[in-house]
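Every number in our numbering is 304 more than the matching position in the sequence shown, counting from 1.
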Amino acid sequence: MSQQSLIQKIRRNANWGLYGSIALVLLVVVFHFCPWHISYQSQQVSKWMLISGTILAVLAVIMSLMTIRKTAPRLRQLDDLDAKLQGYTSYITSLYRSSLAIVAIESVLILLMSDTSLLMVTILLILLLFLAYPNMYKMKADLGLTDDQMQSLFGDDYRPDTPASQE
305 MSQQSLIQKI RRNANWGLYG SIALVLLVVV FHFCPWHISY QSQQVSKWML
355 ISGTILAVLA VIMSLMTIRK TAPRLRQLDD LDAKLQGYTS YITSLYRSSL
405 AIVAIESVLI LLMSDTSLLM VTILLILLLF LAYPNMYKMK ADLGLTDDQM
455 QSLFGDDYRP DTPASQE
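Here's what the structure looks like:
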């Protein structure tokens, strides 16, 4: 794949994961406060759904943080720009798609429980997606790219860092 198509794939997957998660949570909140409800679960079932949903969300946040922490330095070590972009594409794709799937599971649990307790940890996962969002400057830092490489990838959209002594 070309470098531009990899960058488009990174953006597309990150946008689907982030905005899809936001849309799911907003739909759950709207549905929760509307007059129609799914049949309520028993107290025991709701308690176990709350416990399993909390454990799932916490494990997802831990998994995401560990992946973010370990993947970026490993990608920085690669020599070839294409290999860096391929690795970054698969990293962003798996992070955002798995997070979207977990938010979908959490949303179903929230609707089945008719309780918004899981909403807090789901929003925490979405906040993590905001922090990991791959804009061009985050990509530069994560991949350890030079100004010339960034200029070749993003063209005139990229503004190189200028030291204070050159101003």
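C-beta atoms are modelled at their ideal positions from N, C-alpha and C, and glycine is treated no differently.
Here A408 has L328 as same chain residues with Cβ atoms under 7 Å from its own Cβ, once five neighbours each way along the sequence are excluded. The three-state secondary structure of I342, taken from DSSP, is coil. When only Cα atoms are considered, M424 and D452 end up about 42 Å apart. In this structure, L404 is the residue among Q312, L404, E410 and S411 with its C-alpha nearest to the C-alpha of Y323. In this model, L415 and M443 are separated by some 36 Å (Cα to Cα). DSSP places G448 outside any alpha helix (DSSP H), giving it a letter other than H or E.
Between the alpha carbons of E410 and M417 lies a distance of about 10 Å. In this structure, the alpha-carbon of S421 lies about 11 Å from that of K351. Remark: three or more beta-carbon pairs, one from each stretch, lie closer than 8 Å, so the region 429-437 and the region 365-381 are flagged as touching.
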